[in-house]
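Worksheet: one structure, shown below.
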Amino acid sequence: MNVALAKSTTGQPFNELFAAARGRLPGTGPVAELRQKAFDDFARLGLPYRRIEEWKYTDLRALLREVAPLAPAPDQAALARAAKAVKLLGIENTQKLVLVDGTFAPQLSDIGSFQAGVGIRTLREILEDSSNKARGDLLQTSIASDAMISLNAALATDGVVIDIAEGVTLAKPLHIVHVATSTGTSLVTRSLVKIEKDARVNLVESFVAADGTKAYQTHDSVVIWIGDGAELQHVRLMEDALDAANITTGVFTIGAKAKLNTFNLTNGGSVSRYQGFIAFAGEDSELTTNGVNLLGARRHGDTTLVVDHAVPNCSSREVFRAVLDDRAHSVFQGRIIVRPDAQKTDGKMMTRALLLSDEAEADNKPELEIFADDVTCGHGATTGALDESLLFYLRARGLPEKEAQALLIAAFVGEAIESIVDDNLREFAVAAAERWLATRG
38 MNVALAKSTT GQPFNELFAA ARGRLPGTGP VAELRQKAFD DFARLGLPYR RIEEWKYTDL
98 RALLREVAPL APAPDQAALA RAAKAVKLLG IENTQKLVLV DGTFAPQLSD IGSFQAGVGI
158 RTLREILEDS SNKARGDLLQ TSIASDAMIS LNAALATDGV VIDIAEGVTL AKPLHIVHVA
218 TSTGTSLVTR SLVKIEKDAR VNLVESFVAA DGTKAYQTHD SVVIWIGDGA ELQHVRLMED
278 ALDAANITTG VFTIGAKAKL NTFNLTNGGS VSRYQGFIAF AGEDSELTTN GVNLLGARRH
338 GDTTLVVDHA VPNCSSREVF RAVLDDRAHS VFQGRIIVRP DAQKTDGKMM TRALLLSDEA
398 EADNKPELEI FADDVTCGHG ATTGALDESL LFYLRARGLP EKEAQALLIA AFVGEAIESI
458 VDDNLREFAV AAAERWLATR G
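Going by the working numbering, the sequence shown opens with residue 38, and the numbers climb by one from there.
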């Protein structure tokens with residue numbers, strides 16, 4: 038078997054990383070061959086850098102420099118630390134599926150209590166099942182030219198594969214919790230969710246670290262199919278350790294007469310990028326995708342969204358907010374594509390950034406690519422500081438400056454958070470935003 042030779046800017050050969058990982062990756066035969074091809078693609082492309090237009094503002098060759106080795110499988114001590122981190126999350130009334138250092142942890146998960154019509158297996162279990170001829174498909178997506186997606190396919194150790202049957206309405210949100218306990222390593226995971234016709238699902242994804250875990254990297258992908266007439270409420274909360282990196286991809290396909298409401302909040306990590314690829318595959322469907330970056334110190338947070346209107350009579354709404362302190366850097370890239378057959382498309386996108394420091398930086402890049410003539414599309418972007426008159430008003434009524442700022446910041450991000458329809462999911466997002474505000478002192 039040929040091993041691709043490629044080097045990062047620091048000289049660390051990537052092929053050594055893959056060679057060291059290969060022996061513990063699940064899957065043989067076609068799966069192993071697919072992993073090799075994916076790694077060859079990654080090695081050929083290398084870490085993304087600014088000359089690649091889609092990564093113009095997030096140069097991983099400068100920000101990340103190299104990919105850390107895979108985290109070891111968690112032992113009892115790691116599981117105990119992870120359990121403590123999950124408890125501190127304080128998210129109740131969900132059904133948890135916990136991944137520790139990239140490995141599914143049944144001891145920490147709410148297995149065995151799912152309602153009828155909900156099927157859950159681990160990615161590892163399916164990839165190791167040689168009788169399943171379609172297992173290799175789980176490592177593929179429609180996005181083939183992105184180096185980090187290729188890296189994810191090559192190195193994914195585990196994840197969850199969820200099937201929701203036709204017409205099922207979940208009584209509780211499913212909650213995929215990613216916990217890091219191993220310093221200086223990579224967690225590479227992939228999850229897949231298939232929601233059949235007319236089903237209703239609430240899904241939360243959380244990224245956290247056990248106390249004392251530092252300098253790790255998370256590389257996650259989630260692939261979600263939403264069937265005709267189905268609805269998905271989706272919330273993603275990235276609260277990694279402050280010196281961690283998180284590169285995550287979401288790939289969504291929306292059927293006919295379906296609804297997707299997805300929200301992403303980033304308030305952790307030193308380097309992060311969430312890239313969402315959302316495609317309409319059926320008519321008369323609706324998308325709401327909102328997000329918030331709350332960043333301080335020298336943190337870098339990138340949200341990149343591509344919404345593909347390939348069929349007629351669909352609508353999309355995007356609202357993004359960034360609050361930046363110190364020397365933080367936020368990036369928002371939003372692209373709406375309207376293909377020739379996508380007549381009667383209604384697409385709108387608005388991004389706003391709030392700078393709390395003269396040294397903070399926000400890059401907003403909204404784009405429209407329209408190839409149909411009977412559409413309604415628009416976008417807008419603004420950047421500014423806190424309203425001094427409102428701040429003075431609040432302080433004149435006895436509020437300390439930090440509390441007055443917190444009130445105004447909460448109102449600023451509130452428009453994005455309020456889009457979350459489900460009360461429980463909205464409370465999760467509000468609590469995460471409050472945790473960031475509390476760290477400002």
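Glycine included, each C-beta is placed from N, C-alpha and C at the ideal position.
(1) Thinking Ala-316 and Thr-290 are a contact (beta carbons under 8 angstroms), I'd like their distance in whole angstroms, please.
(2) What are the residues that DSSP puts in a beta bridge with Trp-262?
(3) Using DSSP bridges, identify the partner residues of Leu-269.
(4) Hey, how far is the Cα of Gly-421 from the Cα of Ala-359?
(5) Using the C-alpha atoms, what's the distance from Ala-293 back to Ala-41?
(6) Report the rounded CA-to-CA distance for Leu-324 versus Ala-153, giving the unit in angstroms.
(7) If we require 4 or more residues per run, which alpha helix (DSSP H) segments fall completely within the region 41-99?
(8) Is the beta carbon of Ile-89 within less than 7 angstroms of some heavy atom of the ligand NAP?
(9) So does the region 254-263 actually touch the region 454-466, counting three or more Cβ pairs closer than 8 angstroms?
(10) Report the three-state DSSP secondary structure of Ala-422 (helix, strand or coil).
(11) Helix or strand or just coil, what does DSSP make of Ala-202?
(12) In chain order, which continuous runs of the alpha helix (DSSP H) of length 4 or greater are located wholly inside the region 128-203?
(13) On the DSSP bridge assignment, give the partners of Val-214 in chain order.
(14) I need the DSSP call for Tyr-253, collapsed to helix, strand or coil.
(15) Can you tell me whether Glu-471 is buried or exposed, with buried defined as 16 or more other CB within 10 angstroms of its CB?
(16) If we count the other Cβ atoms within 10 Å of its Cβ and call it buried at 16 or more, is Arg-61 buried or exposed?
(17) Please go through the region 315-391 and give each complete beta strand (DSSP E) segment of 3 or more residues, from N-terminal end onward.
(18) Please name the residue in Ala-466, Ile-284 and Glu-406 whose C-alpha comes closest to that of Leu-240.
(19) Check whether the region 211-218 and the region 160-173 are in contact - that is, three or more C-beta pairs closer than 8 angstroms.
(20) What does the Cβ neighbour count give for Gln-113, buried or exposed, with the cut at 16 atoms within 10 Å?
(21) Would you mind sorting Met-38 into buried or exposed? The rule is 16 or more other CB atoms within 10 Å of its CB.
(22) Just confirm the distance between the C-beta atoms of Ala-120 and Leu-145, as a whole number of angstroms; I'd bet it's less than 8 angstroms.
(23) Cβ atoms of Ala-397 and Ala-365: under 8 angstroms apart, would you say?
(24) Under DSSP, the alpha helix (DSSP H) around Glu-440 begins and ends at which residues?
(25) Take Trp-92 and list the residues in its own chain whose beta-carbon comes closer than 7 angstroms to its own, dropping the five residues that flank it on each side.
(26) Taking the alpha carbon of His-337 as the point to measure from, which residue in Arg-118, Thr-299, Lys-381 and Ile-284 has its own alpha carbon closest?
(27) Helix, strand or coil: which one does DSSP assign to Leu-107?
(28) Around the Cβ of Phe-408, are there at least 16 other Cβ atoms within 10 angstroms (buried) or fewer (exposed)?
(29) Determine the direct distance from the alpha carbon of Ser-322 to that of Val-344, and round the result to whole angstroms.
(30) Going by DSSP in three states, Asn-39 sits in which element: helix, strand or coil?
(31) Is it buried or exposed, Ala-115, if we count other Cβ atoms within 10 angstroms and call 16 or more buried?
(32) Report the rounded CA-to-CA distance for Gly-204 versus Ala-246, giving the unit in angstroms.
(33) For Lys-209, which of helix, strand or coil comes out of DSSP?
(34) For Cys-414, I'd like the list of residues in its chain whose CB is within less than 8 angstroms of its CB, leaving aside the five on either flank, ordered along the chain.
(35) Is the Cβ of Ser-258 closer than 8 angstroms to any Cβ of chain D?
Looking at the coordinates:
(1) Between Thr-290 and Ala-316 the Cβ distance is about 5 angstroms, and since that is below 8 angstroms, they are a contact.
(2) For Trp-262, which the question treats as bridged, DSSP gives the partners Lys-231 and Thr-290.
(3) According to DSSP, which records beta bridges pairwise, Leu-269 is partnered with Val-238 and Leu-297.
(4) So the alpha carbons of these two residues sit roughly 11 angstroms apart.
(5) Residue confidence is low: Ala-41 scores 39 on pLDDT, short of 50, so the model does not pin down where it sits. Its coordinate-derived value is still stated next. If I take the Cα positions, the gap works out to 42 angstroms.
(6) Leu-324 and Ala-153: Cα-Cα distance of roughly 28 angstroms.
(7) You should have 51-59 and 67-82.
(8) You won't find the ligand NAP in this model; it holds no ligand whatsoever.
(9) Taking one beta carbon from each stretch, the region 254-263 and the region 454-466 have fewer than 3 pairs nearer than 8 angstroms; the two do not touch.
(10) When DSSP states are grouped into helix, strand and coil, Ala-422 belongs to the coil group.
(11) The answer is coil: DSSP assigns Ala-202 none of H, G, I, E or B.
(12) Those alpha helix (DSSP H) runs which fall completely within the region 128-203 and span 4+ residues are 160-164 and 184-192.
(13) Answer is Val-135 and Ser-243, bridged to Val-214.
(14) Three-state result, Tyr-253: coil.
(15) Classification for Glu-471: exposed.
(16) That one is exposed.
(17) 323-332, 337-346, 352-361 and 366-375, all fully within the region 315-391.
(18) The candidate whose alpha carbon is nearest that of Leu-240 is Ala-466.
(19) The answer is no - the region 160-173 does not touch the region 211-218, with fewer than three Cβ pairs under 8 angstroms.
(20) Gln-113 should be labelled exposed.
(21) Note on Met-38: pLDDT 35, under 50, position unreliable in the model; no value is reported.
(22) Their Cβ separation, rounded to whole angstroms, is 6 angstroms, which keeps Ala-120 and Leu-145 in contact under 8 angstroms.
(23) In contact: Ala-365 and Ala-397 (Cβ atoms closer than 8 angstroms).
(24) Glu-440 -> alpha helix (DSSP H) spans 438-454.
(25) Short of 7 angstroms from the beta carbon of Trp-92, and not among the five residues preceding or following it, lie these beta carbons of its own chain, in chain order: Pro-85 and Tyr-86.
(26) The residue from Arg-118, Thr-299, Lys-381 and Ile-284 with its alpha-carbon nearest to that of His-337 is Ile-284.
(27) Residue state, collapsed to three classes: strand.
(28) Exposed, by the Cβ-count rule.
(29) The alpha-carbon atoms of Val-344 and Ser-322 are separated by roughly 13 angstroms.
(30) Only weak support exists for where Asn-39 lies, its pLDDT of 37 falling under 50; the coordinates are left without a value.
(31) Taking every protein chain shown into account, the CB of Ala-115 has 16 or more other CB atoms within 10 angstroms, so this residue is buried.
(32) Whole-angstrom Cα-Cα distance: 36 angstroms.
(33) In the structure shown, Lys-209 falls within a coil segment according to DSSP collapsed to helix, strand and coil.
(34) Cβ within range, chain order: Ile-373, Val-375, Thr-382, Asp-383, Gly-384, Lys-385, Leu-405 and Ile-407.
(35) Absent here is chain D; the protein component of the structure consists of one chain.
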